[in-house]
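Chemist: A single structure is presented below for examination.
Residue numbers (the numbering used here), protein chains in the order written: chain A, 1 to 273; chain B, 1001 to 1235.
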């Protein structure tokens, strides 16, 4: 188990604190719980391509940092990637691989393949030994057909017909496991994805706000930002509040005149040039 | 010529104040296949001869006009392999710019960085200047633009320019034919006529290449059948 401490990296593992930790455990002090990655991200393969879905809540511990963030990242015109984990890590790694894929497209003159994106991502994550905390659902359609993969922070990958990641993954997976079947139509696929994300939104504290959906088919990609808004905010009245004079009872009145402290002196010296 | 003693070392000035290696590089460009570019009111067109060394070469595998970004393209005159190196570097620089500023690189910036690379190779040890001049064409927020970059690393913005074997005839022809309010379609016809001027042999969609970019900001290379259609219009 990797313990997250603020030690400077000296190369290799540092075992300095092991004796202290053992002593604390013996005294009955519990290890602090891991911070969960608050997100629900899903993907599934349907008859014409893949559908990706994500919630839009970004959290900093118990606080909602962003109520409507974008978790579905662009990799290539035909490949998109949902990211769970540390937001900065997912952004940086997807931007970097997206850039590399663009250069590769220019060099080869061909459309990018999902396995290319997958391999670039997993090699990068593996070389950082899990310290880049990015858990991704990668989906797209290329010449070889529709593909859906999950990528874990340590660099392992899975290829699946339907996948969920993040703290809300169990809630979403329960929906997929009971309702997924092969050969879904586009409407059924989008419905199922939205349902799975909503399960995460309503049953997981780390996920919330809106549903983003992305549908990728051969030759066309549709990014449906805020496809569903199941958590509308009730704002305060736009007319504002009126406080009529006399509504508030006056208990006592005291008036203090401000005395002038400025004394004018006549005939002073002129300022020097 | 007193210069000849100084003509072998790139990094040494000759007494007349020239870097003779760069002069030689420009010669290499001048003996390359003709290429030209025309900036129209609503786009830019670049064109080049595509004379292959033998009829046995598969002409579909050769593409002289390349993309650097979706809205910037480039054509060269001179040594093909040198241009490939420059295009590769420029593509990477465009990507790095985008990663840093989240803005598609403006054409002036890309030209500046490409020119900086070319200049680097005129002031380093153990390298030679690039034997190409590039015509960089693109369309960004400042409208359609056309730049020429020379082996020395100097660059200029042009309304219309030509390079390579037939440069003087082509430039004279362009000076006569160019108008400020030219549309992209007219510019394509003018480009074809200019190439035709100095063309040896039968001109067709298979032995010239044309790249265009319009207000849609998407640079694309025309297919040989599209070029044949334009050639038919020009006849």
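Even for Gly, the Cβ is constructed at its ideal location relative to N, Cα and C. Keep in mind it's a predicted model, so treat the numbers as computed, not measured.
#1: Hey, residue 130 of chain A and residue 78 of chain A: beta-carbon distance below 8 Å or not?
#2: Under 7 Å Cβ-Cβ, which residues of chain A neighbour residue 1067 of chain B?
#3: Does any residue of chain B bring its CB to less than 8 Å from the CB of residue 167 of chain A?
#4: Counting contacts by CB-CB distance shorter than 8 Å, is residue 99 of chain A in contact with chain B?
#5: Listed in chain order, which residues of the segment 1069-1095 of chain B have Cβ atoms closer than 7 Å to some Cβ of chain A?
#6: Which of the residues in the segment 1210-1229 of chain B, read from start to end, lie with their CB under 7 Å from any CB of chain A?
#7: Look at the alpha carbon of residue 1100 of chain B and the alpha carbon of residue 1093 of chain B, and state the distance between them as a whole number of angstroms.
#8: What does the Cβ neighbour count give for residue 1095 of chain B, buried or exposed, with the cut at 16 atoms within 10 Å?
#9: Looking at residue 199 of chain A and residue 238 of chain A, is the spacing between their C-beta atoms short of 8 Å?
#10: From what residue to what residue does the beta strand (DSSP E) around residue 1013 of chain B run?
#11: For the beta strand (DSSP E) containing residue 252 of chain A, list its first residue and its last residue.
#12: Around the C-beta of residue 953 of chain B, are 16 or more other C-beta atoms found within 10 angstroms, so that it is buried, or is it exposed?
#13: Hey, could you find the ends of the alpha helix (DSSP H) residue 193 of chain A is sitting in?
#14: Relative to the C-alpha of residue 1224 of chain B, which residue among B/1232, B/1204 and B/1163 is closest?
#15: Kindly list, in the order they appear in chain A, the residues whose Cβ is closer than 7 Å to that of residue 1177 of chain B.
#16: Along the segment 216-243 of chain A, where does the CB come closer than 9 Å to a CB of chain B? Name the residues.
#17: Does DSSP put residue 20 of chain A in a helix, in a strand, or in coil?
#18: So with CB distances below 8 Å, who are the chain A contacts of residue 1098 of chain B?
#19: I'd like to check one pair, residue 105 of chain A with residue 208 of chain A: are the Cβ atoms closer than 8 Å?
#20: Rounded to whole angstroms, what's the CA-CA distance from residue 1043 of chain B to residue 1160 of chain B? Just pull it up for me.
#21: Quick check on residue 1066 of chain B: buried or exposed, where buried means 16 or more other Cβ atoms within 10 Å of its Cβ?
#22: Using a threshold of 8 Å, state whether the C-beta atoms of residue 1035 of chain B and residue 1046 of chain B are closer than that.
#23: For residue 51 of chain A, list the residues DSSP reports as bridge partners.
#24: Where residue 1 of chain A and residue 201 of chain A are concerned, what is the direct C-alpha to C-alpha distance, given to the nearest angstrom?
#25: Any heavy atom of the ligand FMN closer than 7 Å to the CB of residue 1143 of chain B?
#26: Whose C-alpha, out of A/103, A/125 and A/75, is nearest the C-alpha of residue 117 of chain A?
#27: Evaluate residue 17 of chain A with the Cβ neighbour count: other Cβ atoms within 10 Å of its Cβ, from every protein chain shown; 16 or more gives buried, anything less gives exposed.
#28: Quick check on the DSSP output: the alpha helix (DSSP H) that includes residue 1081 of chain B runs from which residue to which?
#29: Mind checking which residues open and close the alpha helix (DSSP H) that includes residue 1231 of chain B?
#30: Can you check which of these residues, A/256, A/115, A/159 and A/62, is closest to residue 204 of chain A by C-alpha distance?
#31: Contact criterion: CB-CB distance below 8 Å. Does residue 263 of chain A meet it with respect to chain B?
#32: Which of the three DSSP states is assigned to residue 1001 of chain B in this structure?
#33: Residues in the same chain with beta-carbon distance under 6 Å from residue 218 of chain A, minus the five sequence neighbours each way, listed in chain order, please.
#34: At a Cβ cut of 9 Å, what residues of the segment 79-97 of chain A count as close to chain B, listed as they run along the chain?
#35: Going by DSSP in three states, residue 168 of chain A sits in which element: helix, strand or coil?
#36: Quick one: is residue 89 of chain A buried, meaning 16 or more other Cβ sit within 10 Å of its Cβ, or exposed?
Modeler: Reading from the atomic positions:
#1: Their beta carbons are not under 8 Å apart, which means residue 130 of chain A does not touch residue 78 of chain A by this criterion.
#2: 106
#3: So, not an interface residue.
#4: Yes - at least one Cβ of chain B is within 8 Å of the one on residue 99 of chain A.
#5: Near chain A, meaning a CB-to-CB distance below 7 Å, the residues of the segment 1069-1095 of chain B are 1091, 1092 and 1095.
#6: Across the segment 1210-1229 of chain B, no CB contact with chain A closer than 7 Å is found for any residue.
#7: 11 Å
#8: buried
#9: no
#10: Counting along the chain, residue 1013 of chain B falls outside any beta strand (DSSP E), and DSSP gives it neither H nor E.
#11: Note, residue 252 of chain A: premise wrong, no beta strand (DSSP E); not H, not E.
#12: Because chain B in this structure spans residues 1001 to 1235, residue 953 of chain B falls outside the shown range and cannot be described.
#13: 186-203
#14: Ranking B/1232, B/1204 and B/1163 by Cα distance to residue 1224 of chain B puts B/1204 first.
#15: Simply none; closest approach about 33 Å.
#16: none
#17: In the displayed model, residue 20 of chain A falls within a helix according to three-state DSSP.
#18: 99
#19: no
#20: Each residue's alpha carbon lies about 12 Å from the other.
#21: Per the 10 Å Cβ criterion, buried.
#22: yes
#23: A/44 and A/215
#24: With a pLDDT of only 44 at residue 1 of chain A, under 50, the local geometry of the prediction cannot be trusted, and no value is derived from it.
#25: Absent from the structure shown: the ligand FMN. Ligands present: none.
#26: The shortest Cα separation from residue 117 of chain A among A/103, A/125 and A/75 belongs to A/75.
#27: Around the CB of residue 17 of chain A, fewer than 16 other CB atoms lie within 10 Å, so the residue is classed as exposed.
#28: 1080-1101
#29: 1224-1234
#30: Comparing Cα positions, the closest option is A/62.
#31: no
#32: Low per-residue confidence applies at residue 1001 of chain B: pLDDT is 44, beneath 50, and the placement is therefore not dependable enough to give any value.
#33: 141
#34: 95 and 96
#35: coil
#36: buried
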